[in-house]
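Take a look at the structure set out below.
In the numbering used here, the protein residues as written are 190 to 795.
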């Protein structure tokens with residue numbers, strides 16, 4: 190190899206590719222390997238990292254992999270499932286239990302090179318069902334975790350054997366929410382594996398430009414330009430590779446855009462010099478017609494994706510773009526959440542990964558220059574290409590637009606399991622002077638690399654931010670069947686939720702546009718727009734205590750790569766503004782603030 194390199198074994202975990210990205214950001218080459226790859230494909234690497242997985246180590250799921258990797262004379266580090274597999278291989282025991290979601294405090298047992306430069310207690314990020322409960326010979330416990338002062342410790346959160354040079358983290362050091370996870374990875378890559386840094390973003394860009402030229406040949410690329418960060422940077426990369434004459438941009442107003450969004454997008458693309466072959470089509474009525482009567486979230490996403498392609502193909506033919514390829518600003522979270530690797534679970538189908546596009550990819554008809562990157566890398570690449578700061582730092586907006594923030598319903602309450610959950614969530618909240626109730630509908634989440642479709646809980650009462658986050662975390666950890674917790678911004682505690690039959694309609698979209706505009710303008714006015722990475726506003730067709738017909742849920746989050754997220758604290762003045770303005774919109778039944786981390790809740794509610 191030209192570079193010192195680390196092999197990352199992808200067991201299908203949501204963060205497997207993120208491990209490779211984090212290693213590359215240390216300027217060390219990282220390459221993904223499949224678990225069943227022959228051992229020869231692991232030769233030449235300076236170390237190996239085993240990823241997490243949706244499989245259960247306690248049940249010996251996904252256990253038929255190339256175990257000869259344990260005979261390699263290089264350091265190996267396991268994350269989550271990989272941690273459990275290392276413990277098992279060397280005589281330890283793994284059980285199905287001791288689940289943890291979100292933040293936890295790692296208490297280090299002693300000084301160790303893996304944790305050089307770190308304190309005795311570190312904030313880490315958990316997402317697991319299984320736990321290591323005992324270790325084999327020559328292994329030691331390097332750390333354990335707690336959440337809150339009263340909780341009993343979760344043992345064996347970090348383990349190791351200096352004799353075998355095998356180590357394991359139950360937590361995910363690769364995610365940004367593990368505060369010093371990058372330092373832990375650097376300690377492994379440089380300190381234990383002895384790698385030298387020589388890998389750069391400049392090399393990535395040069396290789397991507399060469400790949401695009403080889404793939405496209407003499408043809409043209411027709412890119413769906415939403416105006417978001419991803420599609421805009423993708424357009425700049427493709428223009429760098431092919432020149433502006435062979436790049437056509439199509440902006441589609443699908444009727445699911447934010448207030449006045451299309452006008453602003455077209456002006457922005459013109460200002461970036463991308464207007465030479467910029468085309469626009471208003472297809473709002475076509476999308477609304479296709480979505481009529483569609484309620485189920487996955488079906489809705491697929492309808493939106495299929496309609497995008499139908500519009501794209503029709504417009505390309507109408508404009509006479511010869512022998513075109515489809516360009517997309519797909520980034521890695523879109524792929525992994527759609528089950529885009531062999532073992533990954535489908536969390537939610539992104540519009541750029543519906544079956545028709547997968548077939549086009551297999552035919553070599555799709556150009557995706559950002560498909561290996563996360564949002565933070567996209568912004569870094571965009572800055573290198575001269576994309577202005579105000580464009581790079583726009584809040585991410587999903588390809589399906591407001592379509593995935595407008596929840597739909599048949600009007601039938603989903604009460605399965607609520608009788609069991611209700612006393613449990615109420616008891617956890619009462620311990621801290623608050624009230625809580627599960628709600629009779631479901632939203633999409635992710636737990637231990639698996640899709641969850643479970644009930645949200647509403648929490649009411651006065652408490653400081655830290656207490657609210659702690660109570661939400663305890664509910665999510667202690668009560669099965671719950672994947673979200675939201676704080677009621679109104680007075681009292683809601684007790685009656687009645688779902689109403691509702692689909693995707695122009696009237697509901699217009700209400701959501703107004704609510705979203707209130708939130709976005711509030712973030713800017715109160716000076717926190719840049720601090721909040723993304724802030725979806727969601728409508729749920731539900732009557733609360735006999736009032737209204739639409740529940741508004743505001744979801745401010747902090748994130749770097751969208752693979753994890755934590756709830757963002759809003760100023761009291763902004764919360765007071767939302768309490769006053771949002772309930773005044775027509776038909777609003779209540780206003781909740783989502784307190785959920787990712788995991789267990791995805792960023793979008795569906």
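Here a beta-carbon is modelled for each residue, glycine too, at the ideal position from N, C-alpha and C. Remember, it's a predicted structure, so these values are computed and weren't measured experimentally.
Per DSSP, what kind of secondary structure is residue i in: helix, strand or coil?
{"i": "residue 536", "result": "Per-residue confidence for residue 536 stands at a pLDDT of 43, beneath the threshold of 50, marking its modelled position as unreliable; no derived number is given."}
{"i": "residue 665", "result": "helix"}
{"i": "residue 709", "result": "helix"}
{"i": "residue 618", "result": "helix"}
{"i": "residue 778", "result": "strand"}
{"i": "residue 642", "result": "strand"}
{"i": "residue 753", "result": "coil"}
{"i": "residue 489", "result": "helix"}
{"i": "residue 625", "result": "strand"}
{"i": "residue 477", "result": "helix"}
{"i": "residue 527", "result": "At residue 527, the pLDDT of 45 sits below 50, so the modelled position is not reliable; the number obtained from the coordinates is stated separately. Here residue 527 sits in strand by DSSP."}
{"i": "residue 723", "result": "strand"}
{"i": "residue 565", "result": "helix"}
{"i": "residue 787", "result": "strand"}
{"i": "residue 261", "result": "coil"}
{"i": "residue 796", "result": "Any property of residue 796 remains undetermined from this structure, which presents the chain solely from 190 to 795."}
{"i": "residue 732", "result": "strand"}
{"i": "residue 278", "result": "helix"}
{"i": "residue 208", "result": "helix"}
{"i": "residue 676", "result": "strand"}
Go to residue i, then tell me how far its beta strand (DSSP E) extends in each direction, as first and last residue.
{"i": "residue 162", "result": "Outside the shown range of the chain, which is 190 to 795, sits residue 162, and nothing can be said about it."}
{"i": "residue 315", "result": "310 to 323"}
{"i": "residue 285", "result": "282 to 297"}
{"i": "residue 819", "result": "The displayed coordinates of the chain run from 190 to 795. Any statement about residue 819 would go beyond what the structure contains."}
{"i": "residue 636", "result": "632 to 636"}
{"i": "residue 198", "result": "194 to 198"}
{"i": "residue 687", "result": "686 to 688"}
Can you say whether residue i is buried or exposed, counting buried as having 16 or more other CB atoms within 10 angstroms of its CB?
{"i": "residue 666", "result": "buried"}
{"i": "residue 271", "result": "buried"}
{"i": "residue 462", "result": "exposed"}
{"i": "residue 387", "result": "exposed"}
{"i": "residue 723", "result": "buried"}
{"i": "residue 601", "result": "exposed"}
{"i": "residue 300", "result": "exposed"}
{"i": "residue 196", "result": "buried"}
{"i": "residue 133", "result": "In the structure displayed, the chain extends from 190 to 795; residue 133 sits before or after that span and is not available."}
{"i": "residue 681", "result": "exposed"}
{"i": "residue 552", "result": "exposed"}
{"i": "residue 654", "result": "exposed"}
{"i": "residue 594", "result": "buried"}
{"i": "residue 320", "result": "buried"}
{"i": "residue 162", "result": "An answer regarding residue 162 cannot be provided, because it is not within the stretch 190 to 795 covered by the chain."}
{"i": "residue 582", "result": "exposed"}
{"i": "residue 406", "result": "exposed"}
{"i": "residue 210", "result": "buried"}
{"i": "residue 612", "result": "exposed"}
Rounded C-beta distance between residue i and residue j? I'm assuming under 8 Å.
{"i": "residue 394", "j": "residue 570", "result": "7 Å"}
{"i": "residue 269", "j": "residue 361", "result": "6 Å"}
{"i": "residue 689", "j": "residue 730", "result": "5 Å"}
{"i": "residue 679", "j": "residue 780", "result": "6 Å"}
{"i": "residue 615", "j": "residue 784", "result": "Not quite, the Cβ-Cβ distance comes to about 17 Å (not below 8 Å), so this is no contact."}
{"i": "residue 258", "j": "residue 228", "result": "7 Å"}
{"i": "residue 557", "j": "residue 517", "result": "5 Å"}
{"i": "residue 634", "j": "residue 789", "result": "5 Å"}
{"i": "residue 212", "j": "residue 378", "result": "6 Å"}
{"i": "residue 562", "j": "residue 429", "result": "With 8 Å as the limit, residue 562 and residue 429 do not qualify as a contact, their Cβ atoms being about 15 Å apart."}
What first and last residue would you give for the alpha helix (DSSP H) that runs through residue i?
{"i": "residue 770", "result": "761 to 770"}
{"i": "residue 581", "result": "578 to 581"}
{"i": "residue 454", "result": "450 to 460"}
- Go through the region 380 to 440 residue by residue and report every complete run of the alpha helix (DSSP H) that reaches 4 residues or more, in order. Runs of the alpha helix (DSSP H) spanning 4 or more residues and lying entirely within the region 380 to 440 occur at 390 to 405 and 418 to 431, in chain order.
Tell me the start and end of each unbroken beta strand (DSSP E) in the region 214 to 248 that is at least 3 residues and wholly inside, in chain order.
218 to 222 and 236 to 239
Worksheet entry | Length-filtered (3 minimum) beta strand (DSSP E) runs lying within the region 330 to 383 | The qualifying runs are 343 to 350 and 355 to 358.
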